[in-house]
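Encoded as structure tokens, the structure appears first; notes follow it.
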Amino acid sequence: MYLKSKFLNEEALSKIEQLISEMTFDEKVGQLHQISLSSVGAFEIDEETLKQMCENGQLTKQEYEENLSKSRLRKIGEDGVRLGKIGSYLGIADPKQIDHFQKIAVEQSRLHIPLLIGCDIVHGFNTVFPIPLAESCTFDDEMFEKSASVAANEARAAGINWFFAPMLDVARDARWGRIAESMGQDTYLAKNYAKAKVVGFQGDDLSNESKVAACAKHFVAYGACESGRDYNTVDLSYEKLHDVYMPPFESAVNAGVASIMTAFNDINGVPMTANKELLKDYLREKLKFDGVIVTDASSMKQLVDHGYCEDGKTAAEYSMHSTVDIDMVSNLYRDCLKELVDENKVSICEINDAVRRILKLKFALGLFENPYSNMDRLKEVSCADEHIEFEKQVALHSTVLLKNDGILPIKKEKYSKITLIGALGADIQQNYGCWAWYGKDELAVSLKSALEKDGVDYCRCYGVYDIDEAQMASALDDSELIIAVMGEHKDMNGEAHSYADITLSEPQKRAFEMLVQSKKPFVCVLYNGRPLCIPEMNEHANAIVEGWALGTKMGDALSDILFGRFNPCGKLTVNFPNKSGECPTYYNHMSTGRPAKNDNAPWTSKFDDSHVLPLYSFGHGLSYTEFEYSDLTVSTGESSADITVKVKNSGCCDGFEIVQLYVHDCFASRVRPVKELKGYKKVFIESGHQKVVSFKLDYDELAFHNSKLEKIVEKGKFEVFVGGSSINNIQSEFELK
Ligand code: BGC
Numbered sequence: 021m022y023l024k025s026k027f028l029n030e031e032a033l034s035k036i037e038q039l040i041s042e043m044t045f046d047e048k049v050g051q052l053h054q055i056s057l058s059s060v061g062a063f064e065i066d067e068e069t070l071k072q073m074c075e076n077g078q079l080t081k082q083e084y085e086e087n088l089s090k091s092r093l094r095k096i097g098e099d100g101v102r103l104g105k106i107g108s109y110l111g112i113a114d115p116k117q118i119d120h121f122q123k124i125a126v127e128q129s130r131l132h133i134p135l136l137i138g139c140d141i142v143h144g145f146n147t148v149f150p151i152p153l154a155e156s157c158t159f160d161d162e163m164f165e166k167s168a169s170v171a172a173n174e175a176r177a178a179g180i181n182w183f184f185a186p187m188l189d190v191a192r193d194a195r196w197g198r199i200a201e202s203m204g205q206d207t208y209l210a211k212n213y214a215k216a217k218v219v220g221f222q223g224d225d226l227s228n229e230s231k232v233a234a235c236a237k238h239f240v241a242y243g244a245c246e247s248g249r250d251y252n253t254v255d256l257s258y259e260k261l262h263d264v265y266m267p268p269f270e271s272a273v274n275a276g277v278a279s280i281m282t283a284f285n286d287i288n289g290v291p292m293t294a295n296k297e298l299l300k301d302y303l304r305e306k307l308k309f310d311g312v313i314v315t316d317a318s319s320m321k322q323l324v325d326h327g328y329c330e331d332g333k334t335a336a337e338y339s340m341h342s343t344v345d346i347d348m349v350s351n352l353y354r355d356c357l358k359e360l361v362d363e364n365k366v367s368i369c370e371i372n373d374a375v376r377r378i379l380k381l382k383f384a385l386g387l388f389e390n391p392y393s394n395m396d397r398l399k400e401v402s403c404a405d406e407h408i409e410f411e412k413q414v415a416l417h418s419t420v421l422l423k424n425d426g427i428l429p430i431k432k433e434k435y436s437k438i439t440l441i442g443a444l445g446a447d448i449q450q451n452y453g454c455w456a457w458y459g460k461d462e463l464a465v466s467l468k469s470a471l472e473k474d475g476v477d478y479c480r481c482y483g484v485y486d487i488d489e490a491q492m493a494s495a496l497d498d499s500e501l502i503i504a505v506m507g508e509h510k511d512m513n514g515e516a517h518s519y520a521d522i523t524l525s526e527p528q529k530r531a532f533e534m535l536v537q538s539k540k541p542f543v544c545v546l547y548n549g550r551p552l553c554i555p556e557m558n559e560h561a562n563a564i565v566e567g568w569a570l571g572t573k574m575g576d577a578l579s580d581i582l583f584g585r586f587n588p589c590g591k592l593t594v595n596f597p598n599k600s601g602e603c604p605t606y607y608n609h610m611s612t613g614r615p616a617k618n619d620n621a622p623w624t625s626k627f628d629d630s631h632v633l634p635l636y637s638f639g640h641g642l643s644y645t646e647f648e649y650s651d652l653t654v655s656t657g658e659s660s661a662d663i664t665v666k667v668k669n670s671g672c673c674d675g676f677e678i679v680q681l682y683v684h685d686c687f688a689s690r691v692r693p694v695k696e697l698k699g700y701k702k703v704f705i706e707s708g709h710q711k712v713v714s715f716k717l718d719y720d721e722l723a724f725h726n727s728k729l730e731k732i733v734e735k736g737k738f739e740v741f742v743g744g745s746s747i748n749n750i751q752s753e754f755e756l757k
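The working numbering puts the sequence shown at residues 21 to 757.
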């Protein structure tokens, strides 16, 4: 059985067949129809009451109109659910609302079929975790899994049973706003992340009261959009598709992911929601994915905008032939399937198959037993102490120390006055990042409030879009050390927020100039959801701490790092370009015929006006201690190689190190990347101590796709690199015979 659940037994399977045989056509289509609702505020208010409230002056005309449309939406939803014409909801997270609709579905609809309630719980529910790009910097599969299971536990108690996560788009272009939702640019890390997230969300029984169905998205290669512009086209060789973008989805399927979302993009001219070859032939038939396929929001309708389908009806037809089960808010299955079946363009068998997959998921989730929220559990688990404590740990491990000339950790006694500047650092909304809606503000800690406990003053001075130069000048004047928060407002990354220029905003550039001119020591803390181009910061700041959007306890985590109560250990999962024009830049690029050895090598593959190396490379991240690598050994076996290395903490304090293993296939029948991550281990080493770290490199990991799309491993020489980043490492090699 594809889905793991104690409820998905023989009896359930026959109940499903019975239901399908009893369903009217409209009820079947209802299961495939998903609508969205944002009715917060108007939920319990009917049209008549709203009218009275407006007349009494309790609502302004504008509020009245907004609430009226919400109230009407709610009414349409209620009627649709009652008639069995809606199978799932998108984006409701209020337990009261969820229960209200579930009750109508279960008690008032003819066949009593519960609803799927899908939500974008991308990095935590009430306990907000670091954005995925930040969390990926932990290189910690256990953390990936545990943060997913905390989110599932809290959200399921609220009645949400389906997450539109994990996002598994390998993302290599910093201009793309959704890089914030990704786990960065590496396929090997993405595969592990995929598995950990699916297991964390779903556990080993979907009906468990603390588990939800996961949805791996966006299938596939959405992250490869041209020029990092969101929703843009993708033009990709099939070899690269299968080497780089497909493996995380395969990993999710192997881990038993319950559902997959189609991507907005086309690949080589075929939009994904109608991409029969990749959905039906590859995902279903080759990978044996038997779960639910859902479109992205309106992506079925967008097949017409793509110019791939002449009208909505054809879009519904092509989607159905591609085995897409649920139409997210395009309403095209609802409006067109009847006619398509009457015209023999879509068969009832295809529709039955889709209904069957959806019902299986509903049974697996145990929704026929209990579809409701559990308020007692919610009270108990929502932001439970251990969740919040764990969130802070993830935040600590996600933070990356990009530069440090020794000023960090801050020695309080050295400075009579330390000032935090920059509005981002005082705003708890920035903790949450691009995809968190349900955090609890009363628990969130800004950097400002955390640093107050360390005696640090705050002066706003500038925001992302404004600067008060007089205030800035006086703050600089009377401080001995400045902590400057800079970067992006949380709404500058995430969906639909692509930027062609990924440098700081003008007011922040001015603030930075003033900092440099002041000649005062200063530390920059970055708030952002993408790599930024900050070469001047790298040149002039005494230290740079990459803080991303770290979730509920962001402020506490950053202050612990600034003051040395925690030794930073995060490592980047994306390159930071020197200039926006370098995008996309990724460490695991293909070998070229004219590799650039340095910035001045003429006629080589480089920019005349920039550097060969990125500002910070994948895997980079400093610590307050030093790690030395030695004695790299490689011994080859039948199906794997054993690799060991000695890592010594030769610095002054204890710390974690993320030991990274990279491989380069020296000669192959296709050009191979210059280096690829093939292993990582996080180890804690006390100051003055040494550990032997070992890896088992399965030869399967050396595989790539040939032009027939066969996955092959070729014999020959492989270089092995081990170290604390993708560029700083020691080297060996082996021969695969
Ligand atoms: C996004 C998806 C998301 C969906 C539902 C879309 O616009 O691309 O990632 O799951 O909306 O909110």
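Think of the CB as a built atom: it goes at the ideal place given N, C-alpha and C, for glycine as much as any other residue.
| Asked | Found |
| --- | --- |
| Coil, strand or helix - V740 by DSSP | strand |
| 4-residue-minimum alpha helix (DSSP H) runs that sit fully inside the region 232-296, ordered along the chain | 267-274 |
| Where A62 sits in the DSSP three-state scheme | Bear in mind that the predicted position of A62 carries a pLDDT of just 41, short of 50, making it unreliable; the figure below should be weighed with that in mind. Coil. |
| Residues near G736 by beta carbon distance below 8 Å, same chain, minus five either side | D685, C686, F687, A688, E755 and L756 |
| Cβ-based neighbour list, G61, same chain, cut-off 6 Å, excluding 5 preceding and 5 following | Bear in mind that a pLDDT of 39 at G61, under 50, signals an unreliable position, so the model cannot answer this. |
| Contacts around D224, its chain only, beta-carbon distance under 6 Å, and the 5 residues preceding and following it disregarded | K24 |
| Buried or exposed (CB count within 10 angstroms, at least 16 for buried), G204 | buried |
| Local conformation of D629 per DSSP, three classes | coil |
| Selected residue, minimal CA-CA separation from K215, among E246, E162 and I180 | E162 |
| Any non-hydrogen atom of ligand 1 within 7 Å of K698 CB | no |
| The region 536-547 / the region 369-383 touching (three or more Cβ pairs under 8 Å) | no |
| Exposure of S16, with buried meaning 16 or more beta-carbon neighbours within 10 Å | The chain is shown from 21 up to 757; residue 16 falls before or after that span and cannot be answered. |
| Limits of the unbroken beta strand (DSSP E) element including Q710 | Q710 to D718 |
| Other residues of its chain near V733: CB distance less than 6 Å, five sequence neighbours each side excluded | Y719, L722 and A723 |
| Neighbour-count burial assignment, N5, 16 or more Cβ in a 10 Å radius | The structure shown does not extend to residue 5, since the chain is modelled only from 21 through 757, so no value can be given for it. |
| Own chain, CB closer than 6 Å to E758, minus 5 neighbours either side, in chain order | With the chain running from 21 to 757 in the structure shown, residue 758 is simply not present. |
| Inside the region 314-391 only - alpha helix (DSSP H) runs reaching at least 4 residues | 322-325, 332-341, 352-362 and 368-384 |
| Sub-8 Å separation of G601 and N548 beta-carbons | no |
| Pairwise C-alpha distance: E31 and A234 | 24 Å |
| Endpoints, the alpha helix (DSSP H) within which Q122 is located | P115 to K123 |
| C-alpha distance - G100 paired with Q72, whole-angstrom precision | 27 Å |
| Pocket of ligand 1 (residues with CB nearer than 5 Å to any heavy atom), chain order | D140, F184, D316 and A317 |
| Rounded separation between K306 and E270 - CA only | 10 Å |
| Per-residue DSSP class, three states only, for F27 | coil |
| Backbone CA spacing between C139 and D255 [nearest angstrom] | 30 Å |
| Inter-residue Cα distance where the pair is K358 and G50 | 12 Å |
| Euclidean distance between Cα positions of G243 and E500 | 44 Å |
| Beta-carbon proximity of G197 to P115, cut-off 8 Å | no |
| Rounded C-alpha distance that separates S59 from Q322 | In this predicted model, S59 has a pLDDT of only 38, less than 50, meaning its place in the structure is not dependable enough to derive any value. |
| Residues of its chain near V691, where Cβ-Cβ distance is below 6 Å and the 5 sequence neighbours each way are ignored | M610 and S611 |
| Closest Cα partner of T664 within the set K437, F309 and L652 | L652 |
| Burial state of T207 (16 or more Cβ within 10 Å) | buried |
| Backbone secondary structure at Y607 - three-state DSSP | coil |
| Beta-carbon gap between G104 and L52 smaller than 8 Å | no |
| Stretch-stretch touch, CB-based, cutoff 8 Å, three pairs: the region 459-468 with the region 585-593 | no |
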